[in-house]
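The structure appears right after this line, and notes come after that.
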Amino acid sequence: MMSNGCGMPLAEPPIPIYTTAVMQARIAGLCLSVALVGCAATGADDEDVYLPEVTPRDIVRDGDAEPDGPRPDGIRLDVPLPEDYGLEVSEASDACAVRNPCGGCANLEASPGTPCDGCGGTYVCAGPDEVTCATMCSPNGCADSTREAFLNMTTYNRIAACAGGFQVAGLLHATPQCSRNAGNNSTNPNGIGCSIADLCAEGWRPCASPREVQQRTGAGIPSDFPAASFFAAAVSGPADDDICGIGSNDFYGLGTAGGTADRGTCAPLTRSSGDQCDDLPAPWDCGESTTWPNQFDEADKVTKPGPQGGGVLCCLAAG
Numbered sequence: 064m065m066s067n068g069c070g071m072p073l074a075e076p077p078i079p080i081y082t083t084a085v086m087q088a089r090i091a092g093l094c095l096s097v098a099l100v101g102c103a104a105t106g107a108d109d110e111d112v113y114l115p116e117v118t119p120r121d122i123v124r125d126g127d128a129e130p131d132g133p134r135p136d137g138i139r140l141d142v143p144l145p146e147d148y149g150l151e152v153s154e155a156s157d158a159c160a161v162r163n164p165c166g167g168c169a170n171l172e173a174s175p176g177t178p179c180d181g182c183g184g185t186y187v188c189a190g191p192d193e194v195t196c197a198t199m200c201s202p203n204g205c206a207d208s209t210r211e212a213f214l215n216m217t218t219y220n221r222i223a224a225c226a227g228g229f230q231v232a233g234l235l236h237a238t239p240q241c242s243r244n245a246g247n248n249s250t251n252p253n254g255i256g257c258s259i260a261d262l263c264a265e266g267w268r269p270c271a272s273p274r275e276v277q278q279r280t281g282a283g284i285p286s287d288f289p290a291a292s293f294f295a296a297a298v299s300g301p302a303d304d305d306i307c308g309i310g311s312n313d314f315y316g317l318g319t320a321g322g323t324a325d326r327g328t329c330a331p332l333t334r335s336s337g338d339q340c341d342d343l344p345a346p347w348d349c350g351e352s353t354t355w356p357n358q359f360d361e362a363d364k365v366t367k368p369g370p371q372g373g374g375v376l377c378c379l380a381a382g
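Here is the structure:
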């Protein structure tokens, strides 16, 4: 039997006693610390001695030392942990601290109730982590659901020629004024209370530049425009030579009626209104003023109080 230095016997160690100088020094130091603790505790009542509770988590795996039993989750410390340990999260302990408006944890593409990009509807929840557009863009492009040119909607799915009247003047910055109740096949073919933008379906608008038209007509400009028709884009220019650019002098488009347009600045647009809409059929109307500067602002004054003679080029707003 061995002594702890305080006269208390110690059980034989479970491993051989090393006799090298290094190990003797280590054992001596260990005995000294144990002796000090043991001596301090000697003479105290059992109830006065603090003995920390040892749990399986505190036991160091050394030699044959083993925990007294499995942990509360059934995992033993003397065997490898399962590969999927700690990966499973129950529904009751979902770690989502802040939920999105649809009830999920992911960042949504858009907030429910906000307008769809160019599609005219609003986003709604399509599950806890997804939104969808409740009303997709009209594939036709015209407010009355009838096209007058670009009739192949598969080839020309981002541009349409829409006929009808409009009586709110101007086309460069036009916005809908009559809830799109317009078009030659609508209940309001003369466009009472409507702007030229009302001829386009929800999610569509008047084409705003030659480039927009070019981007949507990769297959080329078709030849299916009605006779004696002109379909305007929201494109005008300076006061000379039928040039497209900055200004409100004349306006440009496509069709079978109208004057010529400058190829270098207007292509693929090929038709123009001419001075005071003189090159367009009735009921296109740019006023009768011939005094400066009023004869150079056709794009701001134009109206068309009837369905005949064309209308507007509508571009899908989404791209």
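The sequence shown begins at 64 in the working numbering and counts up one residue at a time. From the three backbone atoms N, C-alpha and C, an ideal C-beta is built for every residue, glycine too. Quick caveat, the model's predicted, so the values are computed rather than measured.
Delimiting residues of the beta strand (DSSP E) encompassing residue i
| i | result |
| --- | --- |
| Ala226 | 222 to 226 |
| Val375 | 373 to 379 |
| Ala169 | Careful: Ala169 lies outside any beta strand (DSSP E) and carries neither H nor E. |
| Ala295 | 293 to 295 |
| Pro269 | 267 to 269 |
Where the alpha helix (DSSP H) through residue i begins and ends
| i | result |
| --- | --- |
| Val276 | 273 to 278 |
| Ala362 | 361 to 364 |
Sequence-distant residues of the same chain with beta carbon closer than 8 angstroms to residue i, five excluded per side
| i | result |
| --- | --- |
| Tyr219 | Phe213, Arg279, Thr280, Ala282, Pro285 |
| Gln277 | Ala330, Pro331 |
| Ala295 | Leu234, Ile259, Pro269, Phe314, Tyr315, Gly316, Ser336, Val365, Gly373, Gly374, Val375, Leu376 |
Contacts around residue i, its chain only, beta-carbon distance under 6 angstroms, and the 5 residues preceding and following it disregarded
| i | result |
| --- | --- |
| Asp325 | Asp305, Ile306 |
| Cys159 | Cys168 |
| Gly350 | Lys364 |
Per DSSP, cross-strand counterpart(s) of residue i
| i | result |
| --- | --- |
| Gly322 | Ser335 |
| Gly254 | In DSSP, Gly254 forms no bridge with anything. |
| Cys188 | Val194 |
Assigned exposure category for residue i - 16 Cβ within 10 Å defines buried
| i | result |
| --- | --- |
| Ile309 | exposed |
| Ser201 | buried |
| Glu389 | The chain is shown only over 64 to 382; residue 389 falls outside these bounds and no answer can be derived. |
| Pro273 | buried |
| Asn251 | buried |
| Pro164 | exposed |
Cβ shell of residue i (< 7 angstroms), same chain only, five flanking positions each side left out
| i | result |
| --- | --- |
| Thr323 | Asp305, Ser335 |
| Pro395 | Residue 395 is absent from the structure shown; the chain starts at 64 and stops at 382. |
| Ala189 | Thr195 |
| Ala380 | Gly181, Gly266, Trp267, Arg268 |
Member of the options whose CA lies at the smallest distance from the CA of residue i
| i | options | result |
| --- | --- | --- |
| Cys225 | Cys270, Ala189, Leu235 | Cys270 |
| Leu343 | Gly372, Ala189, Cys378, Leu235 | Gly372 |
| Gly337 | Gly246, Phe293, Pro368, Leu379 | Phe293 |
| Asp313 | Ala290, Asp348, Asp287, Gly327 | Asp348 |
| Ile222 | Gly228, Ala232, Thr209, Gly204 | Gly204 |
| Ser249 | Ser208, Glu265, Asp287, Pro289 | Ser208 |
| Ala290 | His236, Gly318, Asn253, Gly327 | Gly318 |
| Gln339 | Ala302, Cys378, Thr328 | Ala302 |
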